[in-house]
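Chains as they are written, first to last, in the numbering used here: chain D, 139 to 275; chain F, 139 to 275; chain G, 139 to 275; chain V, 139 to 275; chain H, 139 to 275; chain R, 139 to 275.
Idealized CB from N, CA, C, for every residue including glycine.
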């Protein structure tokens, strides 16, 4: 069993706030992340899959296919977008790194399962100081 | 003469578009950076000053003072903010990396000149692939 | 279950030597790390906690609280200090990266358990070539 | 139990192709990695071992010994070499990152077991976007 | 005047040797870089241009055009290629980082001059320890 | 004229204080850098030389020679040492990054001038936030 990781990047705007709450309460709970006029990040995304290397090619999977899935299902929808407003699979959700990582897992899981390997981990870094990992359980 | 550089970071939202233009024209000229609902970046900022090290302390300047100036005049105003909407010194300006770097220079120049050294360069990185340097001329 | 990681930094001096041993024996066992006049590093510290994201906020925990704990209990005590001489929780211990990582775990474990999540991993990097991970078992 | 990681680097040439196949088929399956005249990478290698820190020295193992093993058995054989042509332990194998990581594990496993600790993981990065981890099972 | 830099990457094989020399002499002069069966690197390339930001767009130049030129004229010809054998503009030249940086400058200079700005610097990094800058003079 | 840069690293302890001053005054002027029991850093050092590439070899200079000079004259004297106490060329000097960069320039200048090229810049990074450049004038 070998674990193989592909890294991609996207730049997006978001804010953390609960519409039913006042600006004051959002500021208290979410701090500067609640700025009503948005802020943004250069996100870094690592997707790890696991499987047996093919006897002939030496590949767990074709990395070009993995990259295509990540770009088509995730990066194209998030890059240079507003996570709260523009992204179909984030509608009605908080745009915390935790929730976004879980949503990315859910979006790509089935597509990767068809590649004869298993999705192992989605790691998402919001800033150089903060990152999140989700293993599907 | 020694050149000393301090690095700081801020995360902000912005978009590139000219209000008088249609969305189509903005998309044509500014590409995905024109997304009407904003996008954002983790900016990295390097401020370089030059001067003679003090005979006694060995310092060109007190880096704590340089860091205070950068944080008070720049980072506190940009971090977790919308560059187009929230930042006094960017009002009415395009939020391109070029224009932002020049504006940062203009904001800190006088404050650094009082520290017995000279502002040499403002370097601003928007993504790991794109950065800008401004030397004041 | 989501894993969330916060990164902090500190710069410290230390040496590896056993006081009862001769300088020669310390040099033989610990190499250049035994230099009697100390050496130092820019340490990088990653603290990983795990938990369920809150249904309403989308947070496993408030990262500001995690950062406060790490800074108050660890960084403030180690940054610009001598690990062997200045740090209460390292008194009488070897200052190897292994021992320091375990000691950091012991210092923050209880404080993090109160945040409705669990400490998962303390990762400590001494140089770009050497790092250590401790999972509490 | 503490996990300790050593990072080393090597620069090597390789290509991905199956000699019995035509250039067209190799191009279809391996893409630009099949270039008949080779290409190359700066590989980054992390070797992680686990064990109990020694009561007296605070060391899981002497990192100098670990580094010697990695350099003698792996880096000296791969650095500034052609993985397909010059490396004894890769003869007759595909030079995919997956296969290379497994081969590195097999080359160092016994030597590390003699150091009173256990090999835990071989991580091999081919480019900043692609890496592989192998845990021996 | 603002300086703007675009970073791109390519992975390539090469060797340093003079065909008229013996393997021994090549080894003596070029060390491990003379390995007859090639070796390779992940090169990082920074292209810096300078100009005045446009009053309306805030751009020195359209970075998409700069990126297109670098990719079409340089990266597509070098990535996953053998510098000595596969690259038209390197035929008959030594593939040292110095010579390659000058050749890259010569390939893109005219195309960038047409963008209403001036090529300022080509920086080429071969490994994390070695890099070269060329300013055209 | 091509500029070529070699990067090396060293880990060292130091403190900033003037022996004639009280601990209080040293703390006021040098802040946490004045800790009487020392602190330390992983320094990163870039040495840039300039010259014409040799017509035959394509080299400005043999990087192995440049690396030897930097290691013999600088790194071997600073790595795992106390800058204030253990380093001959720093005796009686403040160990600020500014003063250390100038001292490194003075130590290697003559040795590099003999290699048929000119020393251009010594860049020294103390932490990821602070660095210094010296051009000899």
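Residue 264(D) is positioned such that its CB atom lies no closer than 9 Å to that of residue 209(D). The C-alpha of residue 227(G) is placed about 22 Å away from the C-alpha of residue 175(G). One alpha carbon belongs to residue 232(D), the other to residue 183(R), and they sit about 44 Å apart.
Taking C-beta atoms as the reference points, residue 204(H) and residue 142(H) count as a pair closer than 9 Å.
Of all alpha-carbon atoms in 172(D), 139(D) and 251(D), the one lying nearest the alpha-carbon of residue 152(D) is that of 172(D). In the structure shown, residue 268(V) adopts extended strand secondary structure according to DSSP, grouped into three states. Interface residue (Cβ-Cβ distance to chain V less than 9 Å): residue 205(D) is classified as such.
For residue 148(V), the uninterrupted beta strand (DSSP E) run begins and ends at 140 to 152, by DSSP. In this chain, residue 182(R) is not harboured by any alpha helix (DSSP H); it is covered by the beta strand (DSSP E) spanning 177 to 189. Here the alpha carbon of residue 252(V) sits roughly 11 Å from the alpha carbon of residue 207(V). Beta-bridge annotation (DSSP): residue 263(F) is paired with 182(F) and 269(F). Interface flag for residue 147(V) against chain H is set, since a Cβ pair is found closer than 9 Å. Contact between residue 140(V) and residue 236(G) holds: their C-beta atoms lie close to 5 Å from each other, under 8 Å. Note on geometry: alpha-carbon atoms of residue 268(G) and residue 275(H) lie some 42 Å from one another. Of the residues assessed, residue 202(R) falls on the exposed side of the cut-off, its CB having fewer than 16 other CB atoms within 10 angstroms. In the structure shown, residue 211(F) adopts helical secondary structure according to DSSP, grouped into three states. In the three-state DSSP reduction, residue 220(D) falls in the strand class (E or B). Leaving aside the five residues that flank residue 247(D) on each side, the residues in its chain whose CB is nearer than 8 Å to its CB run, in chain order, 257 and 274. Chain R places no beta carbon closer than 9 Å to that of residue 248(F), leaving this residue out of the contacts.
In the DSSP assignment, residue 257(H) forms a beta bridge with 187(H). Listed along chain G, the residues sitting closer than 7 Å to residue 167(D) by beta-carbon distance are 195. Within the same chain, and ignoring the five residues on either side of residue 221(F) in sequence, the residues whose Cβ sits closer than 8 Å to its Cβ are 150, 151, 152, 228, 233 and 238. Assigned with DSSP and collapsed to three states, residue 192(D) falls in coil, not helix or strand. When rounded, the separation of the alpha-carbon atoms in residue 266(F) and residue 167(G) is 42 Å. In the same chain as residue 245(G), and ignoring 5 residues on each side of it, the C-beta atoms closer than 8 Å to its own belong to 211, 212 and 227, in chain order.
Selection 170(R), 195(R), 177(R) and 230(R) evaluated against residue 196(F) yields 230(R) as nearest (Cα-Cα).
Distance between residue 259(H) and residue 243(V), taken at the CA atoms: about 43 Å.
Residue-level contact check: residue 269(H) does not touch chain V, since none of the beta carbons of chain V fall below 9 Å from its beta carbon. Looking at the backbone, the Cα of residue 181(F) and that of residue 215(D) are separated by about 22 Å.
DSSP, reduced to helix, strand and coil, places residue 158(D) outside both helices and strands of the structure shown, so it counts as coil. Annotation: residue 161(R) to residue 240(H) spans about 54 Å, alpha carbon to alpha carbon. Sequence-distant partners of residue 188(D) (beyond 5 residues in either direction) whose C-beta falls short of 8 Å from its own C-beta, in its chain, are 139, 140, 141, 142, 198, 255, 256 and 258. One alpha carbon belongs to residue 163(G), the other to residue 177(R), and they sit about 25 Å apart. Close CB contacts of residue 200(V) within its chain, under the 8 Å cut and outside five residues either way in sequence, are with 253 (chain order). At least one CB of chain V lies nearer than 9 Å to the CB of residue 152(H).
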